[in-house]
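K.L.:
Quick one: the structure is below, and I'll ask about it shortly.
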């Protein structure tokens with residue numbers, strides 16, 4: 002049956018759910034299931050271990066391979082500490098812009114994808130259309146892998162994946178991979194006047210952070226590969242954003258903790274970079290233990306997702322270019338779930354409405370013109386699948 006809601010009305014409903022990554026997304030998933038059921042579409046959930054969150058996927062059209070997959074995530078970043086001009090959980094239009102948390106990143110595309118799925122069901126497509134909505138993308142693309150695995154097992158294999166992250170409807174064929182870890186350096190406290198008998202966790206951590214500085218400098222000075230040269234910057238970056246530790250200015254620090262993140266160009270992996278850092282930490286730990294056996298360095302890997310590699314004659318790229326008319330070369334340094342789909346054997350691109358500069362910002366917005374361009378793109382897709 003026809004969808005009773007317009008894409009704008011769907012977006013209004015999605016924004017109203019405060020699906021910050023730290024919280025559950027089940028209220029939104031419940032609503033999406035009801036919406037799809039009303040359109041005659043059966044949805045399937047993929048739960049997290051605690052069953053507090055769920056991904057969702059669905060299939061419309063004949064039970065055959067070659068589906069186009071529309072991929073989005075349901076979680077958003079927090080609004081605390083941000084100065085908003087209007088309620089972030091209420092869709093508000095001002096000056097040709099749709100304001101609200103997630104409008105750009107990426108409930109705008111989610112709303113369009115849901116409307117497209119209902120349109121495909123109503124139209125009666127001859128080639129299938131699928132939707133994939135994940136959770137915990139904002140905290141490291143954690144929710145997509147299990148969903149992708151189940152889709153590959155339970156649905157006819159998709160031919161092309163369009164991940165609708167904000168790209169201003171340009172066809173993005175490559176992005177960097179990403180990974181993050183937490184490093185805990187444990188030292189041994191003594192008075193700073195006899196610091197040679199202690200192990201200063203802060204100063205030891207500084208040596209590991211300087212490893213990041215040195216590796217960045219080496220990478221920046223090296224000649225990039227042909228693919229890496231497309232990116233800005235054209236090399237894998239190592240970044241430390243937070244650090245805390247120490248007790249007092251006259252005590253060698255017992256503890257220091259810092260985070261480390263990697264953004265790897267295609268052709269390099271986060272795993273390789275994390276292993277190189279762990280080897281550096283292991284060598285430093287041996288020096289620390291030689292002074293005091295309590296000293297230690299503990300590293301916990303938090304997340305990791307692969308880069309999206311530009312494909313040769315990729316089905317997703319050809320389709321997205323034909324529908325959008327965009328023939329430019331575009332890559333981005335942020336990460337998406339497109340690399341995870343590609344690693345699972347799908348052809349994938351990024352193409353969605355909005356500008357990534359608006360993501361995570363106070364007064365986040367999606368231009369009405371971009372929303373309408375995205376809807377025109379997906380209407381053309383449904384018409385193409387119906388022929």
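In this note's numbering, the protein residues as written are 2 to 388. Note that CB positions come from ideal geometry on N, CA and C, so glycine has one too.
What do you get for residue 192, buried or exposed, if any count of 16 or more other CB atoms within 10 angstroms of its CB means buried?
P.N.:
Exposed, by the Cβ-count rule.
K.L.:
Let me check understanding here. Comparing Cα to Cα, which of 290, 323, 269 lies closest to residue 306?
P.N.:
When only C-alpha atoms are compared, the closest one is 269.
K.L.:
Excluding five sequence neighbours on each side, which residues of the same chain lie with their C-beta closer than 6 angstroms to the C-beta of residue 34?
P.N.:
Cβ neighbours of residue 34 beyond the five flanking positions: 44.
K.L.:
Closer than 7 angstroms by C-beta to residue 382: which residues in its own chain qualify, once you throw out the five before and the five after it? Chain order, please.
P.N.:
Cβ within range, chain order: 69, 117, 324.
K.L.:
Going by C-alpha distance, which of 226, 228, 59 is nearest residue 151?
P.N.:
Nearest option by C-alpha distance: 59.
K.L.:
For residue 54, does the count of other Cβ atoms within 10 angstroms reach 16, so buried, or fall short, so exposed?
P.N.:
By the 10 Å Cβ count, residue 54 comes out buried.
K.L.:
Can the beta-carbon of residue 205 be found closer than 8 angstroms to that of residue 228?
P.N.:
It is not a contact, given that the beta carbons lie outside the stated cut-off.
K.L.:
When the Cα of residue 107 is compared with those of 200, 11, 340, which residue comes out closest?
P.N.:
If we check each option's Cα against that of residue 107, 11 comes out closest.
K.L.:
Once you ignore the five residues that flank residue 223 on each side, which residues in its own chain have a CB closer than 8 angstroms to its CB?
P.N.:
236, listed in sequence order.
K.L.:
Please report the distance separating the alpha-carbon of residue 315 from that of residue 348.
P.N.:
Roughly 6 angstroms between the two C-alpha positions.
K.L.:
Who are the Cβ neighbours of residue 121 in its own chain at under 6 angstroms, not counting the five residues just before and after it?
P.N.:
Here the set comprises 61, 130, 383.
K.L.:
Tell me whether residue 260 sits in a helix, a strand or coil according to DSSP, three-state version.
P.N.:
Three-state result, residue 260: strand.
K.L.:
Tell me which residue opens and which closes the beta strand (DSSP E) that residue 182 is part of.
P.N.:
Looking at the DSSP string, the run of the beta strand (DSSP E) that includes residue 182 is 178–187.
K.L.:
For residue 166, which residues in the same chain have their Cβ closer than 6 angstroms to its Cβ, ignoring the five residues on either side in sequence?
P.N.:
Excluding positions up to five away in sequence, the list reads 107, 337, 351, 353.
K.L.:
Roughly how far, in whole angstroms, is the beta-carbon of residue 246 from the beta-carbon of residue 254, given that I think they are within contact range, below 8 angstroms?
P.N.:
Yes, residue 246 and residue 254 are in contact; Cβ-Cβ is about 5 angstroms, under 8 angstroms.
K.L.:
Between which two residues does the beta strand (DSSP E) harbouring residue 325 extend?
P.N.:
No beta strand (DSSP E) contains residue 325, which is instead part of the alpha helix (DSSP H) from 316–325.
K.L.:
Do residue 285 and residue 209 have their C-beta atoms within less than 8 angstroms of each other?
P.N.:
For residue 285 and residue 209, yes; Cβs fall inside 8 angstroms.
K.L.:
Pair every Cβ in the region 165–184 with every Cβ in the region 270–280, then say whether three or more of these pairs are closer than 8 angstroms.
P.N.:
Touching, per the Cβ criterion.
K.L.:
Tell me which residue opens and which closes the beta strand (DSSP E) that residue 70 is part of.
P.N.:
Element bounds for residue 70: 68–74.
K.L.:
What number of angstroms, rounded off, separates the C-alpha of residue 194 from the C-alpha of residue 251?
P.N.:
Whole-angstrom Cα-Cα distance: 8 angstroms.
K.L.:
Taking the continuous beta strand (DSSP E) assigned at residue 133, which residues delimit it?
P.N.:
Taken as a continuous stretch (DSSP letters only), the beta strand (DSSP E) holding residue 133 covers 130–135.
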